[in-house]
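Contents: one structure, followed by commentary.
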Amino acid sequence: MPRRTMIEAIRDALDVMMARDPRVVVFGEDVGYFGGVFRCTEGLQRKYGPSRCFDTPISESGIVGAAVGMAAYGLRPVAEIQFADYMYPGYDQIVSEAARLRYRSAGEFTAPLVVRMPCGGGIFGGQTHSQSPEALFTHVCGIKTVIPSNPHDAKGLLIASIEDEDPVIFLEPKRLYNGPFDGHPEKPAVPWSRHPLSETPEGHYTVPLGQAAVRREGAAVTVLAYGTMVHVAEAAAEETGVDAEILDLRTLVPLDIDAIVRSVRKTGRCVILHEATRTSGFGAELSAQVQERCFWHLEAPILRVTGWDTPYPHAQEWDYFPGAARVGRALRAAVEG
Amino acid sequence: MTERRPLSLHVPEPPVRPGGKPDFSRLAIPQAGAVRRPPVDVAAHDIHDLGYSIIRVLNRQGEAVGPWDPKLDPEVLKAGLRAMMKTRAFDARMMMAQRQGKTSFYMQCTGEEAIACAFQMELGKGDMNFPTYRQQGLLIAQDWPLTDLMCQIFSNEKDRLRGRQLPVLYSAREAGFFSVSGNLGTQYVQAVGWAMASAISGDTRIAAGWIGEGSTAESDFHSALVFASVYRPPVVLNVVNNQWAISSPQTVAGGESATFAARAHGYGIPSLRADGNDYLAVRAVAAWAVERARRNLGPTLIEWVTYRAGPHSSSDDPSRYRPKEESDAWPLGDPIERLKKHLIVLGTWSEERHTQMQAEIEEEVLLAQREAERHGTLHDGPRPSTATMFEDVFKEMPRHLREQRQELGI
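Chains A and B supply the protein sequences, listed in that same order.
Take the first sequence: its position 305, counting from 1, is numbered 305 in our numbering, and each next residue is one higher.
Take the second sequence: its position 356, counting from 1, is numbered 1356 in our numbering, and each next residue is one higher.
Printed below as a string of structure tokens:
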């Protein structure tokens, strides 16, 4: 089976879907001729022509607003926001329009679109190239929020997202574009080719939305993670020797609550990880649901390891990013507490 | 070194406030027939002057004059008159229904009937409007059932939007009427996207975007014009300048420094400015822009100069910010009266027939309302089921919504 980086897997998903469905159009800033600042759309314009893959003006509200119109017409737009940090001008179109179109028109009009956006930190991106705004999407009724952690899922989830009838926010942890990252910046970068989940089948396949994956089976504590933090969790479990069960949520809305409940009822403990800031982050929702559904099985308080409630700093990157050491301390605290 | 004096901020004010004498002297109105009619493939920069003029067909005597006279059959004009009168009668009835507590909210388009009613007649089946909340004429002009609109206003059991939307935020896909959003300006760039999709698909259908002059200040107006300028999709971008955005005069939206038609000049989009109370001018100018779109010549922006004769909404009292007599003083008059006069001048209409048609329309509206009320009003009678509240958030109801529905005991 071919091995791909996450960038190659995303590009392959777009290629597969553009070949398969003439309604699929791909656009965004620098997405066309140049192939994207992260190379995710390289070669697509040459292969499918400029009316299927094209550059847009620097206008996030224009990109998402036009995508809503195209989707209402009957196309399957896959729009790119260059960095999740720059989605805010398009937020009105996402929240007020794409998310609510089916509801407010009682199904007369729909918005089957995908908005791809690179997210997350760990790359010295500073305040505006590092954000994880997933909670700003999960709080919105009517959109699905997806975040892969490896090439295999990235391709399968993106194909599933394009085929989905609902609007999907597809967050791509850019720290994982070229290789897995376990939260140890001092270690040499590892390419995807050495990771089993870089094996991505050729052609069409999907990873269904709304299904979590168990990355490591364990009995001592359940770790809920997604994106880059899945790899950090794996490293922390290895380094501490804590027998953690690590769930990669993959889709935040709709959430695979069954998988979460099953695991927490087994382990009796839960640690929640995300790069995003803590207060009102998605971890708060996860914590509330675990508390509501697993209260009598819990043997310790639910812990959260997250980014701090500050803007994402530049120089203090590794004091901010919830790395393996911080996660490891939380794992120990959870099993000892 | 020049002396520095204290700076001061310019805050536009309308010429008059309540109690004052209405004054429209700042609005330069050319004579009917005076503005040239360029070919549809004209370059944008060759018609900049038309963005500062006003295209008009009907003169004071009620005659159709000049190069923009669409030379329509009198029967077509009578149908246009009927559509405008029906729209006004519908508005009056629904405003009354709101006052009677049969619904929570209503918005009239009084004085602006010509724009939507005439524009719609230049579109074809499959074309898509992206309207604001003040283009009910698009539906009424194509004889969309009044009862259907009323059921939406009453949020009753027959409301096709299942009681989810505020009154007047209609959706009627088969009538080419896109779901109206409460968020201003958003639909303008969606119209451009829809038109891009039609072009990408090699289709022949076109889109029409709608916005009020106040909402041109929203960033989506700019986004729409940039995208329309770049991709040249088949879209007609309508700006309805009715002089008022709730209580704010059009000068607060930037209308003091330039016309809204002139906004298009910087984007290289051909634009026209037209008398929005002149049914014939609206038909002719709409036809020009629609032809450009259909011939793949790209977008057109049209500023319709009109006046919002009624309150902004049923929750608004205009006497608190503008003279009560201002709408009577509006120099472009009333669209219904002007077309009526034209038909009388043509010798195909009379006061008697007009009165008779008015009575017929009022009867039709009343019957539609009776039928709608049989299906309930906001606080009385049948209403949409509570269970449907959870539907259509997503295509399939996800587990968390099923659980929440069960929590409500349904």
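Ideal placement from N, C-alpha and C gives every residue a C-beta, glycine not left out.
Note that the coordinates shown come from a computational prediction; the quantities given were computed from them, not determined experimentally.
- For the C-beta of Trp1144 of chain B, not a single chain A residue is nearer than 7 Å; the gap to the nearest is close to 14 Å.
- In the DSSP assignment, Leu1332 of chain B falls outside any beta strand (DSSP E) and carries neither an H nor an E.
- Unbroken beta strand (DSSP E) runs of no fewer than 3 residues, entirely contained in the region 1184-1239 of chain B, are found at 1207-1212, following chain order.
- Within the model, the alpha-carbon separation for Ser193 of chain A versus Arg3 of chain A is close to 6 Å.
- Beta-bridge analysis with DSSP links Asn1129 of chain B to B:Phe1177 and B:Ala1208.
- Only residues of its own chain outside the window of five on either side were considered, and among them Val140, Cys141, Gly142, Ile143 and Pro167 have a CB closer than 7 Å to the CB of Ala99 of chain A, listed in chain order.
- Bridge pairing for Asn1241 of chain B: B:Val1305 [DSSP].
- Around the Cβ of Tyr33 of chain A, a 10 Å sphere holds fewer than 16 other Cβ atoms; the residue is exposed.
- Assigned with DSSP and collapsed to three states, Phe109 of chain A falls in coil, not helix or strand.
- Per DSSP, the unbroken alpha helix (DSSP H) holding Val264 of chain A starts and ends at Ile257 to Thr267.
- Residue contact check for Pro167 of chain A against chain B: no CB pair falls below 7 Å.
- Between Val1016 of chain B and Pro1323 of chain B, the C-beta spacing is below 7 Å.
- Under the 8 Å Cβ criterion, the region 51-59 of chain A does not count as touching the region 100-120 of chain A, having fewer than three qualifying pairs.
- Within 10 angstroms of the beta-carbon of Asn1242 of chain B lie 16 or more other beta-carbons, which makes it buried.
- Where Ile162 of chain A is concerned, the enclosing alpha helix (DSSP H) starts and stops at Pro151 to Glu163.
- Tyr103 of chain A has a beta carbon lying within less than 7 Å of a beta carbon in chain B.
- Beyond the five residues adjoining it in sequence on each side, Ser1179 of chain B comes within less than 7 Å, by CB distance, of Ser1171 in the same chain, given in chain order.
- Around the Cβ of Gly1126 of chain B, a 10 Å sphere holds fewer than 16 other Cβ atoms; the residue is exposed.
- In the DSSP assignment, the residues bridged to Thr277 of chain A are A:Gly307.
- For Met1085 of chain B, the CB contacts under 7 Å within the same chain, skipping 5 residues up- and downstream, are Ile1336, Met1357, Gln1358 and Ile1361 in chain order.
- Using a Cβ-Cβ cut-off of 7 Å, Cys53 of chain A is close to nothing in chain B; its nearest Cβ partner there is about 11 Å away.
- For Cys119 of chain A, the enclosing beta strand (DSSP E) covers residues Val114 to Cys119.
- Here Glu108 of chain A is buried: its Cβ has 16 or more other Cβ atoms, across all protein chains shown, within 10 Å.
- Using a 10 angstroms sphere on the CB of Thr145 of chain A, the tally of other CB atoms reaches 16 or more, which defines it as buried.
- Taking 7 Å as the cut-off, the Cβ atoms of Arg332 of chain A and Thr240 of chain A count as close.
- Taking CB atoms only, Leu75 of chain A has a neighbour in chain B less than 7 Å away.
- With a threshold of 16 other beta carbon atoms within 10 Å, His1222 of chain B meets it and is buried.
- For Val305 of chain A, the closest of A:Asp319, A:Gln211, A:Ala212 and A:Ser198 by C-alpha to C-alpha distance is A:Asp319.
- When C-beta distances to chain B are compared with 9 Å, the residues of the region 109-141 of chain A below that value are Phe109, Thr110, Pro112 and Cys141, in chain order.
- Assigned with DSSP and collapsed to three states, Thr138 of chain A falls in helix.
- Annotation: the continuous beta strand (DSSP E) that includes Gly28 of chain A extends over Val24 to Gly28.
- Glu245 of chain A places its beta carbon less than 7 Å from that of Gly218 of chain A.
- Judged by their CB atoms, Ala236 of chain A and Ala225 of chain A are not nearer to each other than the 7 Å cut-off.
- Listed in chain order, the positions of the region 1191-1211 of chain B with a beta carbon within less than 8 Å of a beta carbon of chain A are Ala1191, Val1192, Gly1193, Trp1194, Ala1195, Met1196, Ala1197, Ser1198, Ala1199, Ile1200, Ser1201 and Ala1207.
- At a Cβ-Cβ threshold of 7 Å, Gly69 of chain A and Trp1194 of chain B count as neighbours.
- Collapsing the DSSP output to three states places Ser1350 of chain B in coil.
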